[in-house]
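Note sheet for the following structure.
Protein chains: 2
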Amino acid sequence: MKVVVIGGGAAGLGAAGAAQGASPDAEIVVYTEFEDVAYSPCGIPFVHGKDIDSFDRLFLATKEQYVQSGIDVHYETTVEAIDPTAKTITVAGEGVVSYDKLIIATGWLYGDPGVPGSDLGGLYRVKDIRRAMEWDKVLDSTKSAVIVESGFIAMEMTTALRHRDIDVTLVDPGAWPMSDVADPEIVEPVRKSWEDLGVDMQWGNKVTAFRGADTLTHVETDQGDVQADLAIIGTHKVPNNPLAKAAGIKLGSTGGIIVNARMETSIVDIYAAGDCAEIPHGVSNVPLQGLSGSHAYAQGKTAGVSAGGGDREYRPVYVPWGMLAGEWMLGGVSFGETTATALGLNFVTGIANGITRARYYPGVKPITVKLLADPESRRLIGAQMVGGEGIKERADFLSMMTRTGITVDEIANMENVYSPAIGALNEPIAVAAQNLLKEL
Amino acid sequence: MKVVVIGGGAAGLGAAGAAQGASPDAEIVVYTEFEDVAYSPCGIPFVHGKDIDSFDRLFLATKEQYVQSGIDVHYETTVEAIDPTAKTITVAGEGVVSYDKLIIATGWLYGDPGVPGSDLGGLYRVKDIRRAMEWDKVLDSTKSAVIVESGFIAMEMTTALRHRDIDVTLVDPGAWPMSDVADPEIVEPVRKSWEDLGVDMQWGNKVTAFRGADTLTHVETDQGDVQADLAIIGTHKVPNNPLAKAAGIKLGSTGGIIVNARMETSIVDIYAAGDCAEIPHGVSNVPLQGLSGSHAYAQGKTAGVSAGGGDREYRPVYVPWGMLAGEWMLGGVSFGETTATALGLNFVTGIANGITRARYYPGVKPITVKLLADPESRRLIGAQMVGGEGIKERADFLSMMTRTGITVDEIANMENVYSPAIGALNEPIAVAAQNLLKEL
């Protein structure tokens, strides 16, 4: 059996490894347009910000390791077409290549800003490590930058550019950072820490044009011009699906490939995984696309196991998320009040301000937890947090609570570790749940 | 209504506050033998170790704050007897005092080492803050110390004394540290870090006598004499129940007061909470006593609400625990293989070695997660972890998984946050569950 994977990111390589695990004798071929696989693109903003000393640190495995593992990776190779009837693909420079199982993992692109000058020099779309290495040299002589919309990577770049002492103006149509997943009182400390870092934040503003001769000199916005020799494009991720669309594979409302729990597409023997696919949200049933690298990797593994003849299912997602934002950690599960209201969901909230260790213990950090619950079922529908430590672990916990439908009553009565150096007497998740119960 | 509380620790004060909340007009009186209430005894080892600069930092509230809140605390006052028929107590210096509801929160004492010389000078039982202030001066001139058994506080004292450059010999009858809750491969890094700190560890050894004229000069053990001018008594907690016993209140197999879910004892209008009570373990149904301060506080609140006429229940415990141990954080839920085997439970295990952030991100720490599950129900019965961060939050999570019976299958498929600065691509809890599934 021959399994062909298009895409060398987290989903593609997860799929290749899992297909090999499920079907050890299968021939596994991966096509990628890029020079590299098996590095961590999520680390790029932190190298730009000098938190990590070298791009080399981001590589997880060498090309030799893939050769040795028996996965045949074709680098800098473009797949031009899929023929589902013949079960072949057309590869630039290789011609027609057959497959028994095909896994599409073509990922995402930044959404087109849709304004004049979007193809000008000086517009940086953070994504590929080789381009990042080139851009990092550009940053050495960059004086001022505009961040166009506050997506996850763009938010990390905001902090990184300030660490490089570059003047930063953030232009976002939202009323506050991360407005689709977090509420204003939760992101307020982050906003404040960017203010303290000297970022000029223009919320409720929109870029209308990128201007310059060959390369950017200024950005026009609804609220006036901003001088900048660099723009970081932080628009929403859109699925990279021209190939799938041309092959007649069914796409959904997000433009992502529709898949079932086995990651099968609408066409037999073709699977999809990662940011090119869409997955239903566990709470709202609304299809989502553009999730995290861990989602892409898990979807890839499911697609690989399925393609390899094994049995694995991927389920609706509850989307725990988290990040370093300014001087804070920010995170949560599912969505905030804005999205819940837009979806017409009925909900009550509970919030708690707590601490991460005993009040007197060195390194203690503040933490705020906000929970949203359905008043009928008393189950969580979302959570948000801001704090100094323990955000990722709590987001994982609350994601599992949301998925399994553990009630707020149960969460309010949770047991928690108390030990001065590592945890406070009162767990803020429990207190937020207790406060939410008072509203029920 | 008059609510009388005997004991000014976490359970007693939790009870007093909760009784006042449930019954705002009630008269609330607290009796304590000590000079203080509302401080954190758990912080004492860290002040001794100079991690925290002053004992004053451990106080949470002033005596005035209690006066203002309307809770009448009688300090340095001994309750001598309880008369359940007359509904009175006898108080030294006050005479007979009546109650409508009585809450017993008399806490714990260190178990008697049961060897000659146990009343000698130089034996330090870490517990009360005033005594700790006195002992801290003694530590300035202490050259060598023996730690007698490796209870939680004694383990923290081991590290603290090394921070003070005192020679430390640890004598414990167990084969490795924390042998009743953790397995050897989990505590091995802790053992190693104590070795690196220069602690002389004598596992499988037992103190047979404390020797000296007035004050300690050496300790006799099964394996020979140890010179020491100080001994830290780290024996198991025993419930402090002479009062309850004399009053005819029913005690259980641990010596703890038997309570129902409302924290009612065998005698009407008498409640108990904290380390003087015993609570069934959720997995084994075996009664437990000597839990953490957060358990005592939660039990106190339940007793207080019940006594105040409100409705609240305390449930069997799954006992998430955690601590700083040597250079590591150690934690878990329920128990390890030793106790599971002793209880005759059938189980399988899964272990994973992971990391807490992206491999390349500054501050990344190793973490090992070990899970025990029942092969029939596929539910967790215990967990243990050692690592550098995120131990408390994961113990809370795994405790909730154990309590609610979420299966290992579900845990193996959990979603997790991936963001380089705060979490790794693979969550070690999920990987441990995946490894456990391979054994099923």
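One line per chain: the protein sequences are A and B, in this order.
So for the first sequence, the numbering used here puts the first residue at 15; every next one is plus one.
So for the second sequence, the numbering used here puts the first residue at 15; every next one is plus one.
Just so it is clear, CB atoms sit at the ideal spot from N, CA and C, and this is done for glycine as well.
Count the other C-beta atoms from every protein chain shown that fall within 10 angstroms of the C-beta of residue i, then say buried if there are 16 or more, exposed otherwise.
i      : result
A/L454 : exposed
A/G228 : According to the sequence as given, residue 228 of chain A is Asp; it is not Gly. When all chains shown are included, A/D228 counts as exposed.
A/E407 : buried
B/P127 : buried
A/T268 : buried
B/K384 : buried
B/G340 : buried
B/P38  : exposed
B/A447 : buried
A/V431 : buried
A/S251 : This sequence places Lys at residue 251 of chain A; Ser is not what is there. By the 10 Å Cβ count, A/K251 comes out buried.
B/A32  : buried
A/Q34  : buried
B/Q237 : exposed
A/D70  : exposed
A/A168 : buried
A/A437 : Here residue 437 of chain A is Gly; the residue named in the question, Ala, does not match the sequence. Buried, because 16 or more other Cβ atoms sit within 10 Å of the Cβ of A/G437.
How many whole angstroms separate the CB atoms of residue i and residue j, which I take to be in contact at a CB cut-off of 8 Å?
i      : j      : result
B/V17  : B/A40  : 5 Å
B/V297 : B/T173 : At roughly 30 Å, the Cβ-Cβ gap does not stay under 8 Å, so B/V297 and B/T173 are not in contact.
B/I143 : B/I58  : 7 Å
B/G288 : B/A25  : 3 Å
B/A159 : B/L175 : 5 Å
B/Y285 : B/E278 : 6 Å
B/E49  : B/E90  : 6 Å
B/L265 : B/G135 : Not a contact, Cβ separation roughly 32 Å.
B/D410 : A/P376 : Going by Cβ atoms, the distance from B/D410 to A/P376 rounds to 22 Å, so no, they are not a contact pair.
A/V347 : A/A397 : 4 Å
B/P442 : B/G368 : 3 Å
A/L184 : A/S164 : 6 Å
B/M15  : B/D114 : 5 Å
I'd like to check one pair, residue j with residue i: are the Cβ atoms closer than 8 Å?
i      : j      : result
A/A387 : A/I395 : yes
B/P294 : A/C56  : no
A/W342 : A/S207 : yes
B/V61  : B/D179 : no
A/L344 : A/V204 : yes
A/V333 : A/L305 : yes
B/L74  : B/G314 : no
A/V87  : A/V51  : yes
A/S83  : B/A372 : no
A/A275 : A/Y311 : no
B/T104 : B/E94  : yes
B/E424 : A/V331 : no
B/A317 : B/A29  : yes
A/L338 : B/G307 : no
A/V129 : A/V221 : yes
A/A223 : A/G131 : yes
A/T464 : A/G401 : In this structure chain A extends from 15 to 454, so residue 464 of chain A is not present and cannot be described.
B/V44  : B/G22  : yes
Indicate, with yes or no, if the ligand NAP has a heavy atom lying under 7 Å from the CB of residue i.
i     : result
A/I96 : In the structure shown, the ligand NAP is absent, as is every other ligand, since no ligand is present at all.
Practice prompt. Can you give me, in chain order, the residues of the region 404 to 421 of chain B that have a beta carbon less than 8 Å from any beta carbon in chain A?
Written response: G404, I405, K406, E407, R408, A409, D410, F411, S413, M414, M415, R417, T418, I420
Discussion item. For the region 154 to 177 of chain B, list every residue whose C-beta sits within 9 Å of some C-beta in chain A, in sequence order.
Written reply: F166, E170
Item to complete: Evaluate contact between the region 109 to 129 of chain A and the region 251 to 267 of chain A, counting only Cβ atoms and requiring at least three cross-stretch pairs below 8 Å.
Response: yes
Worksheet item: Are three or more beta carbon pairs between the region 229 to 247 of chain A and the region 206 to 213 of chain A nearer than 8 Å?
Response: no
Worksheet item: Going along the chain, which residues of the region 263 to 275 of chain B sit with their C-beta nearer than 7 Å to a C-beta in chain A?
Response: none
Worksheet entry | Where the region 58 to 90 of chain B meets chain A: residues whose CB sits under 7 Å from a CB there | F60, D65, I66, R71, L72
Worksheet entry | Chain-ordered residues of the region 43 to 59 of chain B with a beta carbon less than 7 Å from chain A | S54, C56, G57
Fill in: Contact set between the region 313 to 345 of chain A and chain B, restricted to residues whose Cβ is under 8 Å from the partner
R329, V331, Y332, V333, P334, W335, G336, M337, L338, M343, G345
Practice prompt. Please name the residues in the region 431 to 449 of chain A whose beta-carbon is closer than 7 Å to at least one beta-carbon of chain B, in chain order.
Written response: V431, Y432, S433, P434, A435, I436, G437, L439, E441
Worksheet item: Does the pairing of the region 184 to 199 of chain B with the region 348 to 358 of chain B give three or more beta-carbon distances under 8 Å?
Response: yes
Item to complete: Give the residues from the region 356 to 389 of chain B that approach chain A closer than 8 Å (Cβ to any Cβ), ordered along the chain.
Response: A372, R373, Y374, Y375, P376
Item to complete: Could you please tell me which residues of the region 196 to 210 of chain B, in chain order, have their CB closer than 7 Å to any CB of chain A?
Response: none
Discussion item. Closer than 8 Å between beta carbons: that is the criterion. Which residues of the region 282 to 297 of chain A meet it against chain B?
Written reply: none
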